[in-house]
Amino acid sequence: MQIKVRTLTGKEIELDIEADYKVSKIKERVEEKEGIPPAQQRLIYGGKQVCVYPSLGSDKSVGTMADDKTAAEYQLEGGATLHLVLALRGGRA
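Once you know that position 67 of the sequence shown is 109 in the numbering used here, the rest is easy, because the numbers rise by one and skip nothing.
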């Protein structure tokens, strides 16, 4: 399936992915096209905060897409748009 990744500048990157691709593999594909290391990428889908940080002691969604989950787990479909933001140094807020 084909998805888009939109950067903060509005540039759209088109990627061909499979439903079983993990978010980490999608980030690798973005790196191939844009040169942004996966560790610096944060992907957001549908404007929803979809990653759980167990260290916060909560099951509430508080961040970006988890690297170990698949496109299917996020119910990504062809034509979906992910939003790419860059991680800031110094930890998370």
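Every residue, glycine too, gets a C-beta built ideally from N, C-alpha and C.
What you are looking at is a predicted structure, and each value in this text was computed from that prediction instead of being measured.
**OP:** Spatial neighbours of Asp-62 within its chain, please: CB distance less than 7 Å, with the 5 preceding and 5 following residues excluded, ordered by chain position.
**Re:** Taken in chain order, the residues that qualify are Thr-112 and Ala-114.
**OP:** State the Cα-Cα distance for the pair Ile-59 and Ile-45, rounded to the nearest angstrom.
**Re:** A straight-line Cα-Cα distance of about 7 Å links Ile-59 and Ile-45.
**OP:** Can you give me the Cβ contacts of Pro-80 inside the same chain, cut-off strictly under 7 Å, excluding the 5 residues immediately before and after it?
**Re:** Counting only residues of its own chain and dropping the five nearest sequence neighbours on each side, Pro-80 has a CB closer than 7 Å to the CB of Ser-66, Lys-69, Glu-70 and Glu-73.
Subject >> Residue range of the unbroken alpha helix (DSSP H) whose run includes Ile-68 >> reply: Run containing Ile-68: 65-76, per the alpha helix (DSSP H) assignment.
Original post:
Between the Cα of Ala-129 and the Cα atoms of Ile-86, Glu-54, Met-43 and Thr-123, which residue gives the shortest distance?
Top reply: Closest option to Ala-129, Cα to Cα, is Ile-86.
**OP:** Output yes or no for whether 8 Å exceeds the beta carbon distance between Leu-57 and Val-127.
**Re:** Their beta carbons are not under 8 Å apart, which means Leu-57 does not touch Val-127 by this criterion.
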